[in-house]
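Visitor: Could you have a look at this structure, given as structure tokens, before my questions?
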Amino acid sequence: MTFISLVLIFFGSCGSDQDNVPVIDPVDSTHIGEVDPVDIRITRTFTDKTLYTAGDVVTLGSFDIANHSDVDLVVDTLSIKIGTTNSNGESVAVRKVIGTDYVVEAGNEITIPEAVIVEHEDVLSNTGYLVHAELKLKTVDTTKFLVQSEEAYLTFFRMSGNKENLTYEITSSDFNSLPVFLLQGGLSAEYTVQKSAASLACGISHSWNIPGPGMGPAPILSTPDFLNRSIDKTIDFYNRNFGVDETFETVIISTGIPSGAYLARALNAPVLPIHFLVGAHTTHEIRTILDYSEQKGIEAYATVGHDYSLSSTKSVAWVKLLSMPEQYRQFMIDHNVKTVVFHGALGKGGESGAKKLRDDNEHYGSGSIYIMHFAGSDSEGYLRQTIRDFDTRKLGSFIYIADWEAGVIDRQVDGMADQIRQETSASSIEFVTTEDAIHLWNMGSYMMLNLLQKNNRELKGISLNPYLIGHPVFETFNGYIPFLYWQGFEPQHHIDTRLKGIIGDGINHFFPGVELEDLSFWVNSTSNFGGSAQGIKMVNTLEENGFGNVVKNNFSIGEIWDSSDGVNSVSEVRAQLMIDQGLSELNAWNDDLDFLTIEDLKAISDIFPEILVIAK
Numbered sequence: 152m153t154f155i156s157l158v159l160i161f162f163g164s165c166g167s168d169q170d171n172v173p174v175i176d177p178v179d180s181t182h183i184g185e186v187d188p189v190d191i192r193i194t195r196t197f198t199d200k201t202l203y204t205a206g207d208v209v210t211l212g213s214f215d216i217a218n219h220s221d222v223d224l225v226v227d228t229l230s231i232k233i234g235t236t237n238s239n240g241e242s243v244a245v246r247k248v249i250g251t252d253y254v255v256e257a258g259n260e261i262t263i264p265e266a267v268i269v270e271h272e273d274v275l276s277n278t279g280y281l282v283h284a285e286l287k288l289k290t291v292d293t294t295k296f297l298v299q300s301e302e303a304y305l306t307f308f309r310m311s312g313n314k315e316n317l318t319y320e321i322t323s324s325d326f327n328s329l330p331v332f333l334l335q336g337g338l339s340a341e342y343t344v345q346k347s348a349a350s351l352a353c354g355i356s357h358s359w360n361i362p363g364p365g366m367g368p369a370p371i372l373s374t375p376d377f378l379n380r381s382i383d384k385t386i387d388f389y390n391r392n393f394g395v396d397e398t399f400e401t402v403i404i405s406t407g408i409p410s411g412a413y414l415a416r417a418l419n420a421p422v423l424p425i426h427f428l429v430g431a432h433t434t435h436e437i438r439t440i441l442d443y444s445e446q447k448g449i450e451a452y453a454t455v456g457h458d459y460s461l462s463s464t465k466s467v468a469w470v471k472l473l474s475m476p477e478q479y480r481q482f483m484i485d486h487n488v489k490t491v492v493f494h495g496a497l498g499k500g501g502e503s504g505a506k507k508l509r510d511d512n513e514h515y516g517s518g519s520i521y522i523m524h525f526a527g528s529d530s531e532g533y534l535r536q537t538i539r540d541f542d543t544r545k546l547g548s549f550i551y552i553a554d555w556e557a558g559v560i561d562r563q564v565d566g567m568a569d570q571i572r573q574e575t576s577a578s579s580i581e582f583v584t585t586e587d588a589i590h591l592w593n594m595g596s597y598m599m600l601n602l603l604q605k606n607n608r609e610l611k612g613i614s615l616n617p618y619l620i621g622h623p624v625f626e627t628f629n630g631y632i633p634f635l636y637w638q639g640f641e642p643q644h645h646i647d648t649r650l651k652g653i654i655g656d657g658i659n660h661f662f663p664g665v666e667l668e669d670l671s672f673w674v675n676s677t678s679n680f681g682g683s684a685q686g687i688k689m690v691n692t693l694e695e696n697g698f699g700n701v702v703k704n705n706f707s708i709g710e711i712w713d714s715s716d717g718v719n720s721v722s723e724v725r726a727q728l729m730i731d732q733g734l735s736e737l738n739a740w741n742d743d744l745d746f747l748t749i750e751d752l753k754a755i756s757d758i759f760p761e762i763l764v765i766a767k
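Using this note's numbering, the first residue of the sequence shown is number 152, and each one after it goes up by one.
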């Protein structure tokens, strides 16, 4: 028998490594006659682009059909099916026969050449499309009878009208000469990029734009090159706003845990996310993002779950870096970075219950996908609603993994640290972490206490910041430290367990003699962070506990920057206060700030040993 070698073509050029191409297991088969169903496998491929506009031709790269049986076969008909990703049922936009009568000998494989699968006249809507191969098989031996059909997922692509959100976006402007940064899309990691920029520029930002009241940001739409797009967007944002030659002594690689914005302020450093958030209707889309990234030299895994504050019709996934992208390496070289700080939580607390998608990938291996089960026994109902192919995917047993939003794993940190050490001039690589993520929330308070003390700034108050809200420049300039908390717990719990105890201990260390009750307490709740009812309850609970100097937001207003309707959101109010206080004084103070160092962080760790600063 003649062996036909594998030739895999991506974007019209030959691939170099057959072993890196995942093989798709066959789906359930039907057969009639003497021959049992055969084992035939189809490799994945990509289209020539990831994004198309109306009227474009879509070309599918070559792929391979492997016959793992002992029977010579004929692919009687080979069709390509193109269907939307967001339908609850079968929705086929295009079905095209691309070949007939391919002979695949037992134990061998054939290569199907690239082919046009969408032509100029085909009309497709602006959405995502899954591409499947459909095969009808028979045997070469006409004395044997086989009727078998196979369908296998190949890739996906997106049609776009150029108005969709395909990466997060941070716009920059000014408000009466105060720099303002505004985030569209993303979540905590992307939020921290925005906040670090506001600190570097001595400005302000809101949390994020939202599509409607009571909602979080709109999820980014999936494309196979989503991870590359997000990385490029991050690097371009910093270079465009701060210059390609600006020196950054320190860079933070972070999950976006709430204290990340304050770590960026304390160290005067930009944040490079260790993961990015994308929306998807199917696990196939996430699989293709991971495969595409690996082909481009970026190893990653993903955690997929439901988040109704973002979408009730699609899942969201954190795509998590396992290796350092070339763009990050070049950024560190271009900006003469000497210190790199990794930031995230170890351990398995938080949202960590998951089931791994069954495939050939090792635990936490490149390409691994974990389906998060946040809601216990109710999880599968939510997942079926947000993941179209949930019931067709095979999952492993229930396990606990690193928290889906705040968690990091050793492989991420150790692998990238080795690359940084070998390929950049960074001389110090540190990992700031804890076993329990809440200690990193507390660290936001400790760092700002240290920063105020180091710069002989008076401690005047505490800004009570639920989840991802906070304004590090305003707070430090006005002598406030953040109290970072999750709004889902009762105010009395926060006051008893952390404010009076843990944060009080930090105040006693850095500002001995300052009484907690004498400080100002700014309840920084909004309609979209904490909510009006929780804001009112926090004010009442503080006063019941003897904290009488309470500043209140308008809790019915969202934390969204919109200067067209007046100064009413908290970011606008605080921006106006900074302007009224004098931008020249603000900028002069900021220019003279003595920021924290790694040695300062290690000293904090010595005082509060639950916080770890580990040299890498």
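Backbone N, C-alpha and C fix where the C-beta goes; we use that ideal spot for every residue, glycine too.
As the structure is a prediction and not an experimental result, all values here were calculated from the model.
Count the other C-beta atoms from every protein chain shown that fall within 10 angstroms of the C-beta of Y342, then say buried if there are 16 or more, exposed otherwise.
Guide: Taking the first residue of the sequence shown as position 1, residue 342 is located at position 191. By the 10 Å Cβ count, Y342 comes out buried.
Visitor: Going by DSSP, what residue range makes up the alpha helix (DSSP H) through T434?
Guide: What you label residue 434 is simply residue 283 of the sequence shown in a count that begins at 1. It spans T434 to Q446 - the alpha helix (DSSP H) in which T434 sits, taken as one unbroken run.
Visitor: Alpha carbon to alpha carbon, what distance is there between N419 and I484?
Guide: Reading the sequence shown from its first residue, position 333 is the one you call residue 484. Reading the sequence shown from its first residue, position 268 is the one you call residue 419. In a straight line, the C-alpha of I484 is about 18 angstroms away from that of N419.
Visitor: Using the beta-carbon count (16 or more within 10 Å), is N218 buried or exposed?
Guide: The sequence position of residue 218 within the sequence shown is 67, counting from 1. That one is buried.
Visitor: For a test of the three-state rule: what should DSSP assign to D215, helix, strand or coil?
Guide: Here the question's residue 215 lines up with position 64 in the sequence shown. Reduced to three states, the DSSP call for D215 is strand.
Visitor: Mapping DSSP to helix, strand and coil, what is K753?
Guide: Indexing the sequence shown from 1 puts residue 753 at position 602. DSSP places K753 in helix when its eight states are reduced to three.
Visitor: Classify I361 as buried or exposed, calling it buried when 16 or more other Cβ atoms lie within 10 Å of its own Cβ.
Guide: To locate residue 361, count along the sequence shown from 1; it is residue 210. With 16 or more other Cβ atoms within 10 Å, it is buried.
Visitor: For the pair the segment 262-274 and the segment 494-512, tell me if three or more CB-CB distances fall below 8 angstroms.
Guide: With the cut-off at 8 angstroms, the segment 262-274 and the segment 494-512 do not touch.
Visitor: Alpha carbons only, please: which of D376, G279 and P188 is nearest the one belonging to T772?
Guide: The structure shown has nothing for residue 772, since the chain only spans 152 to 767.
Visitor: Please go through the same chain and pick out, in chain order, the residues whose beta-carbon is closer than 7 angstroms to the beta-carbon of H645, but skip the five residues on each side of it.
Guide: If you number the sequence shown from 1, residue 645 lands on position 494. So the list reads Y636, once near-sequence residues are dropped.
Visitor: Once you ignore the five residues that flank V690 on each side, which residues in its own chain have a CB closer than 8 angstroms to its CB?
Guide: Locating residue 690 in the sequence shown gives position 539, where the first residue counts as 1. Excluding positions up to five away in sequence, the list reads V674, V701 and K703.
Visitor: Hey, how far is the Cα of S213 from the Cα of I231?
Guide: Indexing the sequence shown from 1 puts residue 213 at position 62. Indexing the sequence shown from 1 puts residue 231 at position 80. Cα to Cα, the separation comes out at about 12 angstroms.
Visitor: How would you label Y551, buried or exposed, when you count the other beta carbons within 10 angstroms and need 16 or more for buried?
Guide: Within the sequence shown, the letter at position 400 stands for residue 551. The residue in question, Y551, is exposed, as its Cβ has fewer than 16 Cβ neighbours within 10 Å.
Visitor: Going by CA-CA distance only, name the one from H426, P623 and T251 that's closest to I613.
Guide: Along the sequence shown, read from residue 1 onward, the residue named residue 613 stands at position 462. When each option's Cα is compared against that of I613, the closest is P623.
Visitor: Excluding five sequence neighbours on each side, which residues of the same chain lie with their C-beta closer than 7 angstroms to the C-beta of N606?
Guide: As a working note, residue 606 is residue 455 in the sequence shown. Closer than 7 angstroms at the Cβ level, and outside the excluded window around N606, lie L744 and D745.
Visitor: Below 8 angstroms on the Cβ atoms is my guess for N512 versus S503; work out the distance and round it to an integer in Å.
Guide: Taking the sequence shown and counting its residues from 1, the one referred to as residue 512 is at position 361. Taking the sequence shown and counting its residues from 1, the one referred to as residue 503 is at position 352. Not a contact, Cβ separation roughly 19 angstroms.
Visitor: List the DSSP bridge partners of L329.
Guide: Numbered from its first residue, the sequence shown carries residue 329 at position 178. Per DSSP, F326.
Visitor: So T490 packs on E400, CB below 8 angstroms; how close in whole Å?
Guide: By one-based count along the sequence shown, residue 490 stands at place 339. By one-based count along the sequence shown, residue 400 stands at place 249. About 6 angstroms; that satisfies the 8 angstroms criterion.
Visitor: Closest to D442 by CA distance: which of G206, N379, F493 and A244 is it?
Guide: Stepping through the sequence shown from its first residue, residue 442 is reached at position 291. If we check each option's Cα against that of D442, N379 comes out closest.
Visitor: Count the other CB atoms within 10 Å of the CB of A766; is the residue buried (16 or more) or exposed (fewer)?
Guide: In the sequence shown, residue 766 corresponds to position 615, counting from 1. With fewer than 16 Cβ atoms within 10 Å of its Cβ, A766 is classed as exposed.
Visitor: Less than 8 angstroms between C-beta atoms, sequence neighbours within five positions excluded: which residues of the same chain meet that for D168?
Guide: Translated into positions along the sequence shown, residue 168 becomes position 17. The predicted model places D168 with a pLDDT of 39, which falls under 50 and marks its position as unreliable; any figure quoted below should be read in that light. None.
Visitor: Per the DSSP calculation, A284 is bridged to which residue(s)?
Guide: Taking the first residue of the sequence shown as 1, we reach residue 284 at position 133. Looking at the DSSP assignment, A284 forms a beta bridge with I231 and A303.
Visitor: Here's the rule: buried if 16 or more other CB atoms are within 10 angstroms of the residue's CB, otherwise exposed. What is P150?
Guide: Since the first residue shown for the chain is 152 and the last is 767, residue 150 is missing from the structure and cannot be characterised.
Visitor: If L428 and G337 are in contact, beta carbons under 8 angstroms, what's the gap, nearest whole angstrom?
Guide: On the sequence shown, residue 428 is found 277 positions in, with the first residue counted as 1. On the sequence shown, residue 337 is found 186 positions in, with the first residue counted as 1. At roughly 6 angstroms, the Cβ-Cβ gap stays under 8 angstroms, so L428 and G337 are in contact.
Visitor: Whole alpha helix (DSSP H) runs in the segment 652-722 with 4 or more residues, listed along the chain?
Guide: Counting whole runs of 4 or more residues, the segment 652-722 contains the alpha helix (DSSP H) stretches 655-661 and 682-695.
Visitor: Rounded to the nearest angstrom, what separates V665 and F625 at their Cα positions?
Guide: Against the sequence shown, residue 665 aligns to sequence position 514. Against the sequence shown, residue 625 aligns to sequence position 474. About 21 angstroms.
Visitor: For the candidate residues V282, S578, V222 and I216, whose alpha-carbon lies nearest to that of S242?
Guide: By one-based count along the sequence shown, residue 242 stands at place 91. Closest option to S242, Cα to Cα, is V282.
Visitor: Taking Cβ positions, are F326 and A348 nearer each other than 8 angstroms?
Guide: Against the sequence shown, residue 326 aligns to sequence position 175. Against the sequence shown, residue 348 aligns to sequence position 197. Not a contact, by the Cβ cut-off of 8 angstroms.
Visitor: Compute the distance between the beta-carbons of Y521 and V455, then report whether it is under 8 angstroms.
Guide: The sequence position of residue 521 within the sequence shown is 370, counting from 1. The sequence position of residue 455 within the sequence shown is 304, counting from 1. Their beta carbons are under 8 angstroms apart, which means Y521 touches V455 by this criterion.
Visitor: Roughly how many angstroms lie between the CA atoms of Q727 and V274, to the nearest whole one?
Guide: Here residue 727 is taken as the residue at index 576 of the sequence shown, counted from 1. Here residue 274 is taken as the residue at index 123 of the sequence shown, counted from 1. When rounded, the distance between both Cα atoms is 50 angstroms.
Visitor: Roughly how many angstroms separate the alpha carbons of V467 and E668, rounded to a whole number?
Guide: Position 316 of the sequence shown, counted from the first residue, corresponds to residue 467. Position 517 of the sequence shown, counted from the first residue, corresponds to residue 668. The alpha-carbon atoms of V467 and E668 are separated by roughly 42 angstroms.
Visitor: Can you tell me which of the three DSSP states M475 falls into?
Guide: Looking up residue 475 in the sequence shown gives position 324. The answer is coil: DSSP assigns M475 none of H, G, I, E or B.
Visitor: Buried or exposed: which applies to Y413, given that a residue is buried once 16 or more other Cβ atoms fall within 10 Å of its Cβ?
Guide: Position 262 of the sequence shown, counted from the start, is the residue given in the question as residue 413. Label assigned to Y413: buried.
Visitor: Just checking, does the segment 547-567 make contact with the segment 402-409 on the three C-beta pairs under 8 angstroms criterion?
Guide: Taking 8 angstroms as the limit for Cβ pairs, the verdict is that the segment 402-409 does touch the segment 547-567.
Visitor: From the DSSP output, in three-state form, read off E502 for me.
Guide: Here residue 502 refers to the residue found at position 351 when the sequence shown is read from its first residue. Coil, per DSSP.
Visitor: Could you give the distance in angstroms between the alpha-carbon of T692 and the alpha-carbon of D383?
Guide: By 1-based counting over the sequence shown, the position of residue 692 is 541. By 1-based counting over the sequence shown, the position of residue 383 is 232. Going from the Cα of T692 to the Cα of D383 covers about 46 angstroms.
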